Every structure is written in C-alpha cells, then in structure tokens.
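S.K.:
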Amino acid sequence: MIDKSLFELPGVRKMFPLLGILAVFQAAVIACQALFMATAITKFWKGESFSGALPWVLGFAVCFMGREVINFFRSKSLDKLAYRLASKLRGDMLDKFFRLGPSSVAELGSGSAATTVITGIDQVEDYIKLVLSKVLNMMIVPLLILVPVYLLDWQSGIVLTLTFPFAIIFMILLGYAAQGRAERQYKTFQYLSNHFLDSLRGIATLRYFGLSKDYANSIYRTSEDFRKETMGALRIAMLSTFALDFFASLSVAIVALFLGLRLMNGEILLFPALAALIMAPEYFLPLRDFASDYHATLNGKNALAAVNEVLAQPEVTQQVLDEPLRWDEKAQLQLTNLSKIYETGRGISEVNLELQGFQKVALVGSSGSGKSTLLAMLAGFMVPSSGEIKINQQKLETLTDEKYRQSVQFIPQKTYIFSGTFRENLAFYEPTATDEAIIQAVELAGLTSLLEEIGLDGQIGASGRTISGGQAQRVALARAFLSRSRNILLLDEPTAHLDIETELEIKANILPLLENKLVFIATHRLHWLSSMDKVIVLNEGKVEGVGSHEELLQTNVYYQTLLTQMRGVDDEKNQLTELSATDQPVSEAKGGQDK
Ligand SMILES: Nc1ncnc2c1ncn2[C@@H]1O[C@H](COP(=O)(O)OP(=O)(O)OP(=O)(O)O)[C@@H](O)[C@H]1O
Numbered sequence: 001m002i003d004k005s006l007f008e009l010p011g012v013r014k015m016f017p018l019l020g021i022l023a024v025f026q027a028a029v030i031a032c033q034a035l036f037m038a039t040a041i042t043k044f045w046k047g048e049s050f051s052g053a054l055p056w057v058l059g060f061a062v063c064f065m066g067r068e069v070i071n072f073f074r075s076k077s078l079d080k081l082a083y084r085l086a087s088k089l090r091g092d093m094l095d096k097f098f099r100l101g102p103s104s105v106a107e108l109g110s111g112s113a114a115t116t117v118i119t120g121i122d123q124v125e126d127y128i129k130l131v132l133s134k135v136l137n138m139m140i141v142p143l144l145i146l147v148p149v150y151l152l153d154w155q156s157g158i159v160l161t162l163t164f165p166f167a168i169i170f171m172i173l174l175g176y177a178a179q180g181r182a183e184r185q186y187k188t189f190q191y192l193s194n195h196f197l198d199s200l201r202g203i204a205t206l207r208y209f210g211l212s213k214d215y216a217n218s219i220y221r222t223s224e225d226f227r228k229e230t231m232g233a234l235r236i237a238m239l240s241t242f243a244l245d246f247f248a249s250l251s252v253a254i255v256a257l258f259l260g261l262r263l264m265n266g267e268i269l270l271f272p273a274l275a276a277l278i279m280a281p282e283y284f285l286p287l288r289d290f291a292s293d294y295h296a297t298l299n300g301k302n303a304l305a306a307v308n309e310v311l312a313q314p315e316v317t318q319q320v321l322d323e324p325l326r327w328d329e330k331a332q333l334q335l336t337n338l339s340k341i342y343e344t345g346r347g348i349s350e351v352n353l354e355l356q357g358f359q360k361v362a363l364v365g366s367s368g369s370g371k372s373t374l375l376a377m378l379a380g381f382m383v384p385s386s387g388e389i390k391i392n393q394q395k396l397e398t399l400t401d402e403k404y405r406q407s408v409q410f411i412p413q414k415t416y417i418f419s420g421t422f423r424e425n426l427a428f429y430e431p432t433a434t435d436e437a438i439i440q441a442v443e444l445a446g447l448t449s450l451l452e453e454i455g456l457d458g459q460i461g462a463s464g465r466t467i468s469g470g471q472a473q474r475v476a477l478a479r480a481f482l483s484r485s486r487n488i489l490l491l492d493e494p495t496a497h498l499d500i501e502t503e504l505e506i507k508a509n510i511l512p513l514l515e516n517k518l519v520f521i522a523t524h525r526l527h528w529l530s531s532m533d534k535v536i537v538l539n540e541g542k543v544e545g546v547g548s549h550e551e552l553l554q555t556n557v558y559y560q561t562l563l564t565q566m567r568g569v570d571d572e573k574n575q576l577t578e579l580s581a582t583d584q585p586v587s588e589a590k591g592g593q594d595k
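The UniProt record's numbering numbers the first residue of the sequence shown as 1 and each following residue consecutively.
(1) Using CA coordinates, which residue listed in Val383, Thr161, Met231, Gly260 is at the minimum distance from Thr188?
(2) Going by beta carbon distance, what residues of the same chain come within less than 7 angstroms of Gln155, once the five residues before and after it are set aside?
(3) Assuming Leu490 is part of the alpha helix (DSSP H), what are its boundary residues?
(4) Could you pull out every unbroken beta strand (DSSP E) segment of at least 3 residues lying fully inside the segment 529-553, listed in chain order?
(5) Give a yes or no on contact between the segment 5-16 and the segment 272-291, applying the rule of three or more CB pairs nearer than 8 angstroms.
(6) Could you check what DSSP says for Gln313 in three-state terms: helix, strand or coil?
(7) At what residue ranges does the segment 205-261 contain a whole run of the alpha helix (DSSP H), taking only runs of 4 or more?
(8) What number of angstroms, rounded off, separates the C-alpha of Pro412 from the C-alpha of Ser104?
(9) Anyone know if the C-beta pair for Ser240 and Phe164 falls short of 9 angstroms?
(10) Which residue from Ile391, Phe36, Lys76 puts its Cα closest to that of Leu58?
(11) Within a Cβ cutoff of 8 angstroms, which residues of the same chain sit near Gly347, ignoring the five residues on either side of it in sequence?
(12) Using a 10 Å radius around the Cβ and a threshold of 16 neighbouring Cβ atoms, would you call Ser133 buried or exposed?
(13) Could you check whether the Cβ of Thr297 sits closer than 8 angstroms to any heavy atom belonging to ligand 1?
(14) Give a yes or no on contact between the segment 110-126 and the segment 33-53, applying the rule of three or more CB pairs nearer than 8 angstroms.
(15) Hey, how far is the Cα of Thr42 from the Cα of Ala27?
(16) Take Phe25 and list the residues in its own chain whose beta-carbon comes closer than 8 angstroms to its own, dropping the five residues that flank it on each side.
(17) Buried or exposed: where does Gln584 fall if 16 or more other Cβ atoms within 10 Å of its Cβ makes it buried?
(18) Per DSSP, Ile500 is paired with what?
(19) Please identify the residue among Thr116, Gly202, Leu160, Ala253 whose C-alpha is closest to the C-alpha of Tyr191.
(20) Looking at the structure shown, is Phe410 part of a helix, part of a strand, or coil, going by DSSP?
(21) Output needed for Thr297: all residues of its chain with C-beta closer than 7 angstroms, excluding positions within five of it in sequence on either side, in chain order.
(22) Using the Cβ count rule (16 or more neighbours within 10 Å means buried), how would you classify Thr564?
(23) Between the Cα of Glu443 and those of Leu489, Thr466, Ile506, spot the shortest distance and give me the residue it belongs to.
(24) Say yes only if the C-beta of Glu107 is nearer than 8 angstroms to one or more non-hydrogen atoms of ligand 1, and no if none qualify.
(25) Look at Tyr294 and Gly180 and say whether their C-beta atoms are less than 9 angstroms apart.
(26) Give me the Cα-Cα distance between residue 605 and Asn539, rounded to the nearest whole angstrom.
(27) Starting from Gly357, follow the alpha helix (DSSP H) in both directions and report where the run begins and ends.
(28) Give the DSSP bridge partners of Gln459, in chain order.
(29) Can you tell which of Ala233, Tyr215, Tyr558, Leu511 has its C-alpha closest to the C-alpha of Lys360?
(30) Quick one: is the Cβ of Gly420 within less than 8 angstroms of any heavy atom of ligand 1?
(31) Looking at the structure shown, is Lys390 part of a helix, part of a strand, or coil, going by DSSP?
(32) Where do the ends of the beta strand (DSSP E) carrying Phe520 lie?
(33) Less than 9 angstroms separating the beta-carbons of Ala34 and Pro148?
(34) Please classify Val131: does DSSP put it in a helix, a strand, or coil?
(35) When you compare each of Ile500, Tyr186, Leu311, Gln394 to Asp322 by their alpha carbons, which one comes out closest?
(36) Sorted by chain position, which residues of the same chain lie with C-beta nearer than 7 angstroms to Ser212's C-beta, five sequence neighbours on each side aside?
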C-alpha cells in the first residue's frame, strides 16, 4: 500500500504521529457525533420538546464542525509536506540528470525523463497527500469506532468485525491485479512520451521522406495502447471500489436488518440501535475512501518508483584535482587501456594514448566505431568501464572532476539553442562576459547579420526567433570564441549536417579557434585530417592506429581503406546536401546534449 521509500523522504516519519493523533480525534468525533445524533432523535421520538434535545443537537453540530476542522488541518499539513517534497524531488532529479550527463538521459529517453520530472512528480505529490492519511485512517478509525459499537450492541460489533476482513482480502486481491495493470500503464505512458518527443524532433525528416502519415498512425497506435492500459487499470480500480462499496453496504444492511428485527421484538432499545446503525457506515468509510483514490495512489507509487530509479543510478564524480585545470604546453594526458563497454557488449576498448601540450587530434572510424563514446568519456559525460586516466601524472578514474570539466568546451553535432536571449545563448560558458567581448565573438563566428536583426536581447530558441542550423553552429563557435579559459576543445562532427559551402566557411572560422588548445574532433570528413597533428583510427571499438595523417597514410592499411570509404561518403554527401535544405530550423534539430 505504502511504498517503503516514502518513509525515507524527509518529514514523512515526523508526519505519522500527527496523522495518527488526528485519526484518533476523528474516530472520537465520529463516535460522539453518532451518540449525540442518536440521543437527539431518541428524545424527539419520545416526544420531548426541541429545547430539551437542543444540547444534543448542538453537540452534534460541534462534532460535525470538529470533523471538518480535523480534515482541514490534515489536508493543510499534508499539502505543505507534499508540495515541499515534490519540489525537493524535482530539484534532486534535475541535479541528478545534470550530474549523470547526457548519456543517461538518452538511455532513459528525453520524453520519459521530462514526463517523470513534470507529470510523474505531480503524481508523487498526490500520492503523498492521499496515501499517508488514508492508510492511517484505515488502520485506526474502524478499530476505535468498533469499541463504542461493542459497548452499545455487541451483536452489531460482531457483524462489523466479521465482514471487515472480507473487504480487506478482496481489496488485497484486486490491489495486486491493479498494481500490475498500473505498472504496465506507467510503462506505456513513458514509451508514449519518448515516442511522441522523438516524432516531434524528427518531423522534418519524416516530412522530407513523406513518412508523416505512417508516423501519425504509429503515434495513434501507441496512444491507443496507452488508452487500453489506462482503461484496464481503471476497470480494476472501479471494480475494487464497487466491491468495497458492495461489502460495506451489505454489512451495514445486515446490521440494520438485525437491529430492526430486534427493535420490533423489543430486544434492544432505540438509542443503542440508532447509535450503532449510524456508526456502521462510518466504520467502513476510511476503507471506501482509500478505495476511491486507489488508482491515483497506484499512479503515484509507480511514479515514485521511476523517480527513485533515476535517483539511485550510480554516479562517479571524482574530485581529485585541487584547482581548475589549465591546459598549457606542459600539460599531459595519458589514457591507459581505457574502455567503455555498454550492456550490449559494444563500445570501445583498450584505448592507449599519451598527449602533451597543445595538439589537434582527429578521431576517425566508420559509424559505430566508438568516436562519440571516446569523446563522451573525454568530456566527462561518461564513466569508463575500466582503464586509467592520468592528468599531469595525477591518477583519475574518470574525467567527471568539476575542476577538469571547467576547462572543457564541447561542440556537439547539432548545437542546442536554449530558450532565452541571444546574449544568454552566446555567453553560455562565460555568463559574465561584457557586451564588447560578446560582439567580438559574434563577428568572429560570422553572426553579425543576425545580431543586427535581433540584437543581443532578442529571444531565440523554442519561445523566440527560430534560427537556422548553420546559425546555431555559429552560436556554438561564438560560445567557444568567447570562452578563452576553457582550452580543451571537443568537437563531435561539428559540421556534419551542413552543406559543403557552409561547412568549409565554418571550418575556416573554426581553425583559428583550435590553436593553443588540446583539441579532439570526431569526424567523417576527410578535409579535417590534414589540419590535425594526430589521428586516432578506430574500428569496431578498437584502436587500429595512432599517428599523423601522413604517417598513417604510409603505414596503416586500415586507414587507407577507411579514407577510400570516407572519400566515397564525402562525394555522396556533397550531392545530397545540394538537395537537402541546408538551414533546417534548430527547434526541430536533435539537441547535441541528448546525444
Ligand atoms: N547507450 C548505448 N548503449 C548501448 N550501446 C551503445 C550506446 N551508445 C553507443 N553504443 C554502441 O557502441 C558502439 C560505439 O558507438 P559510438 O556512438 O561511440 O560510435 P560512433 O563512432 O560515434 O558512431 P557515429 O559515427 O555513427 O556517431 C556502437 O556499436 C553503438 O551501437
């Protein structure tokens, strides 16, 4: 019923005594309310005047009000706790995603990650509000109400005691079935979120290939699956509510029948019979109350499990470096047998590399050879499975150290443009940069005309002006130009999706940026190789060779074959880019951070 992890959340354990006390008060008030009402009716029945019954009527009114006051206090304290915990969980999840990095979000799926943080935590908030009080009420109130019922009429007490376990057993049985259904429903919901977001991102490609209709059908099918799962879960939830209502009504009817018969036979007086009869539905009320929100609590429980799954993901953040790394001519990076093997058994294994000072290193290899995986480890986005990293002879297990990451700039395949001003997007790595410095970076990146058009305060991104893919790539460059202190530069095919003219134009701007830095560039394009000091050749996750372009050309057979393939792809790509729209809107492009 209650997810054990709920007790680990701050404030939940402390809330229990308060809720327990409120439940005891509630039971007392319910019993008093029934007693006052039964007394007042009995007095009226005996023909007493209204003033004679007035104290009991007033007593009933006070208890009625007391009950509302208890409900108000309970809701207020639970609302406060649930809101505070939901805000905390939301913050914890976002922090966790930032610490885990893009690969973990990609694994979970961006759509699922977003819905867990937004809708999922809303459901957890409802769960906290509902489950704590309802479960405690269910455990305390019926037991306490049973005491006066036994005192008034032990036979009614026995009927109520005997029927309660049936209702509970039925609820448990249906609860198990509902739990399975609700889990499936939540999984389908996550799948639907991912599917929908992916479709939105790929809308340009889908339209380009005329597949929009097929995809619309596929979204329809996924949402139909979700509808079916939801209806299935609701059906069981409704069934459990109906079953409980049935048992409760049946039990109250049995109590009423026996009381009526005994009243007619003169075996019981009106007052205890009435009081017991009024308390009978109240005895089942907490159970029915719980059942009516059972579905909502199941959703919240599943959402909490999804949140906990993310929060429990292991993260290795090393803090080894004493001060921010400043890459200079003497700085050294050493990778020894560095490997990252995914669950699929693919990845990259045993990379050995020694670099000193400012160097430009290209990572080449066919698709799936491990370039992005190596770059992700170098960017500190991904934790290696094994191997050793040394920076300036200092041993590190990962490159997740903040002091290292503060010296890294990453230019992904497709730059993500945040919803904000042009200035905020440019000064991404250097939020305190002056306008003069920003304008200089804008000029170097070739964005002057955009600046003239929208100004530094113009909104870009999702809620502002849509900018083209080429302009977005220039924004990434301007960010890099602006940040002179970050001199380890990682580029993941920075020009792969541009037409050849734009690519060469951007490359001309990039080349000066590569000076006096340690640069890694993953690329499929031949024209970068001659500008590099070193080339690392990757093949199916293994290093086939390391050396200068010229050395490898002479000595490495695999490199020669790869270059022939790359040349073919280059030619094909040039033809394709002539056909395709160069300036694809950025809002439709897949964010680099999601890679
Ligand atoms: N998250 C992941 N889970 C499982 N396997 C993965 C994951 N990411 C990559 N791989 C696998 O690891 C291998 C290396 O992938 P990687 O993306 O590093 O290659 P790449 O050289 O960058 O490819 P491309 O040039 O197409 O971007 C591939 O076989 C890929 O299928």
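All C-beta atoms in this analysis are idealised placements derived from N, C-alpha and C, irrespective of residue type, glycine included.
All figures in this text were calculated on a predicted structure; none of them were measured in a lab.
M.R.: On the basis of the data shown:
(1) For Thr188, the nearest C-alpha among the options comes from Met231.
(2) Phe258
(3) That residue, Leu490, is in no alpha helix (DSSP H); its beta strand (DSSP E) goes 488-492.
(4) 534-539, 542-547
(5) no
(6) coil
(7) none
(8) 16 angstroms
(9) no
(10) Phe36
(11) Ser339, Lys340, Ile341, Gly370, Thr373, Ser385, Gly541
(12) buried
(13) no
(14) no
(15) Rounded to whole angstroms, Thr42 to Ala27 spans 22 angstroms at the Cα level.
(16) Sequence-distant Cβ neighbours of Phe25 in its own chain, meaning closer than 8 angstroms and more than five residues away, are Gly66, Ile70.
(17) At Gln584 the pLDDT is 40, less than 50, meaning the model places this residue with poor confidence and gives no usable figure here.
(18) Bridge partners of Ile500: none, in fact.
(19) Out of Thr116, Gly202, Leu160, Ala253, Thr116 has the C-alpha closest to the C-alpha of Tyr191.
(20) strand
(21) Tyr127, Leu130, Val131
(22) exposed
(23) Ile506
(24) yes
(25) no
(26) The structure shown has nothing for residue 605, since the chain only spans 1 to 595.
(27) Where Gly357 is concerned, there is no enclosing alpha helix (DSSP H), given that its DSSP letter is neither H nor E.
(28) Thr421.
(29) Leu511
(30) No; taking the cut-off as 8 angstroms, the Cβ of Gly420 has no heavy atom of ligand 1 nearer than that.
(31) The answer is strand: DSSP assigns Lys390 an E or B state.
(32) 518-522
(33) yes
(34) helix
(35) Measuring from the Cα of Asp322, the nearest candidate turns out to be Gln394.
(36) Leu206
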